[in-house]
Structure formats: C-alpha cells, structure tokens
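Residue numbers for the sequence shown, in this note's numbering: 22 to 212.
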Amino acid sequence: MNPVECLYFWYVAATAHLDLFGSLGLCLGFTAGLMPRRDRILLASAACATCFGAHYMFLGALTGTAMCAISVIQSLVSLTCIGRPGRSGWVPPLFAASTFAAACLTLATWNGWPSACAALGTLLATGARLHAAPQPMRLLFLGASLCWAGHNLLVGSVFGLTCDLLTICGLGIAFLRALPAQPVTPDGLRA
C-alpha cells in the first residue's frame, strides 16, 4: 500500500465519524468544563447535549439521544430556577419525573452496556444540575463524563470520547483553579 492509498484509507475511515454536531458538541463540552460560573456551565452543557443528541441519533445510539434530550431540559430548568430566591416548587417533581423518564427511555432503548453507561451518566449529571454551587457540580459532572466516556467508547463515537476526555481535563482544571490557595510557610512548605 503506497502513501496515497494509506491516506485515502484513513480519509474514508474518518469521514464516517466527521459530522457537524459531533464537532460542535466536542467544542461545547470542553468549554463547559472550563466555565467559571454555574450559569455558564449549564448553558454550555445544554448546547453540548443538543449537539450530541443529534450526533448520537446519526450513529443510531438511541439511549444516548434520549439522555441528551433529558439533559437539555434539566440544564435549562436548573439554569433558570435553581439557586435563585423563590425557587419554584415544581422543580423537584420535574427532576424526579425526568429521572423516571430517563429510566423508562433507557429500558425502551436498551442496548446493553452502552445504555447502562448513558443512564448512569445521566443520573450523575442530574445530581450535578441540582447543586447551586459549582464545585460539587463539577465533581458530579466528572463522574458523569467518565460514564459517558464508556458509552462513547462502546458506540464508537470518536467525537464523544474525545469530548469526554477534554471535559474531564477541563473539569479538573476548573476544580483545582477554584480551590482556595494554601499559605506557604517560611521554610517553603505548604501549611
């Protein structure tokens, strides 16, 4: 096989995974992990889930598509209602209903381990969206991203897996950046 044939082979293999929604989802997922404020994390997460929902539909990963739809709804509700004075009484029942819907959709679209990973990732992300503080939210999103990495590995989503790895890095950076600085003692050791 000559170099031109090799390049053509890789081009044909890559085009099956190149789609606009996967590319946008990748960028938005990494961006969400780096966001400093809760509202921006949620807005970028909603946009990311919208893009990946379309991407998973293209791949035929229906559980992933369904979980992304629930993620969009939860992110937007959390953005507008949680952490604000006079929080609406309908928010907890809505989150409970969306978690029940996620369980039903997981069973309806069951595809083995990919479905289990997507469902657990959605459950952890639901917990994250219920927090008003960004640090616990980041930790739960980190767990969710690990679960989604399993889903994306199993369904063959190159964009999804890359996004998860970048999101994990971004969440780690943002988490460490938000930790309070420890004072350094005169001998150069941290207290």
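Ideal Cβ placement from N, Cα and C applies to all residues, glycine included.
- [ ] Go ahead and label R198 buried or exposed: buried means 16 or more other beta carbons lie within 10 angstroms of its beta carbon, across all protein chains shown.
- [x] exposed
Open item on the list: Using the Cβ count rule (16 or more neighbours within 10 Å means buried), how would you classify F121?
Closed with: Taking a 10 Å sphere around the C-beta of F121, we find fewer than 16 other C-beta atoms and assign the residue as exposed.
Task: Closest residue to D60 among V176, Q156, L144, H172 (Cα-Cα distance) - done: Q156
Open item on the list: Closer than 8 Å is the cut-off here; do at least three beta carbon pairs connect the segment 50-69 with the segment 180-199?
Closed with: yes
- [ ] Give the range of the alpha helix (DSSP H) segment to which F136 is assigned.
- [x] Sequence inspection shows Ser at residue 136; the Phe mentioned does not correspond to that position. Note, S136: alpha helix (DSSP H), 134-150.
TODO: Assign A154 to one of two classes, buried (16 or more other C-beta atoms within 10 Å of its C-beta) or exposed (fewer than that).
DONE: exposed
Task: Pair within 8 Å by beta-carbon distance, R150 and S109 - done: no
- [ ] Indicate whether S96 and A75 have their beta-carbon atoms separated by less than 8 Å.
- [x] Taking 8 Å as the cut-off, the beta carbon of S96 is found no closer than this to the beta carbon of A75.
Task: Run of the alpha helix (DSSP H) containing L97, from where it starts to where it stops - done: 83-102
Open item on the list: Is it the case that the segment 83-93 contacts the segment 123-134, given that we only count it when at least three CB pairs across the two stretches are under 8 Å?
Closed with: yes
- [ ] Rounded to whole angstroms, what's the CA-CA distance from F116 to M158? Just pull it up for me.
- [x] Spanning the two alpha carbons is a distance of roughly 16 Å.
Task: Burial state of V25, where buried means 16 or more other Cβ atoms lie within 10 Å - done: exposed
Task: Beta-carbon proximity of L182 to A195, cut-off 8 Å - done: no
- [ ] Would you mind working out which of I91, F162, A146, R58 sits nearest G193, comparing C-alpha positions?
- [x] F162
- [ ] For N23, count neighbouring C-beta atoms within 10 Å of its own C-beta (all shown protein chains included) and say buried if the count is 16 or more, exposed if not.
- [x] exposed
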